[in-house]
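Enquirer: For reference, the structure I am asking about is given below.
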Amino acid sequence: MVDKLDTEIARYLIDNSKLSIRDLAKLCNVSPGTIRNHLQKMETNKQIIAYTTRLQGKRLGLEEAILGLDIMPEHYTKTLEELRKLTFIKSLFSTSGDHSAIAIVISKLYGKSLNECIAEIEATEGVRNVYPSIVNSTLK
Numbered sequence: 007m008v009d010k011l012d013t014e015i016a017r018y019l020i021d022n023s024k025l026s027i028r029d030l031a032k033l034c035n036v037s038p039g040t041i042r043n044h045l046q047k048m049e050t051n052k053q054i055i056a057y058t059t060r061l062q063g064k065r066l067g068l069e070e071a072i073l074g075l076d077i078m079p080e081h082y083t084k085t086l087e088e089l090r091k092l093t094f095i096k097s098l099f100s101t102s103g104d105h106s107a108i109a110i111v112i113s114k115l116y117g118k119s120l121n122e123c124i125a126e127i128e129a130t131e132g133v134r135n136v137y138p139s140i141v142n143s144t145l146k
């Protein structure tokens, strides 16, 4: 069950995932132990999946793309499991709407060009089509 403190913690972490437990406690007006317990519960319940860094990839010489994926329904679960194994996919979302999944790809970190990454995704069994959008800059 999500309570008001969980929501408050999530809001602060979304704005700045580098906040320490002590800083979160001050912001939420509770003890560090309370924050630690809530974070542990939120991690165990998969409410917090990861603490991440957001990059301006082009400034680091990287290529970043948001890929809309069309996945065959009969292969959906297996295909997503295979895509999760690809190291250059930084985030993978199961979606409804125009695409059945969305992947965030950062290439060149692992010695592959963006075209090579897309080709590997297209070659994954169950992927029917890939619709890439290249990230020029992160605005927010």
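Residue 7 is where the sequence shown starts when you use the numbering used here, and the numbers rise one by one after that.
Cβ atoms here follow ideal geometry from the backbone N, Cα and C, with glycine treated the same way.
Just so you know, these numbers come straight off a predicted model, no measurement behind them.
1. Which full runs of the beta strand (DSSP E) of 3+ residues lie inside the stretch 84-137, going along the chain?
2. State whether the stretch 64-81 contacts the stretch 119-137, with contact taken as three or more CB pairs (one from each stretch) at a distance under 8 angstroms.
3. Could you say if the stretch 97-116 and the stretch 26-35 meet the contact criterion of at least three C-beta pairs nearer than 8 angstroms?
4. Only counting runs of 3 or more residues, tell me where the beta strand (DSSP E) segments fall wholly within the stretch 54-82, in order along the chain.
5. By the DSSP assignment, the alpha helix (DSSP H) with asparagine 43 in it spans what residues?
6. Report, in whole angstroms, the separation of the C-beta atoms of glutamate 122 and histidine 81, which I expect to be a contact under 8 angstroms.
Expert: So, from the data block:
1. 95-100 and 107-113
2. yes
3. no
4. 69-77
5. 38-50
6. About 22 angstroms; that fails the 8 angstroms criterion.
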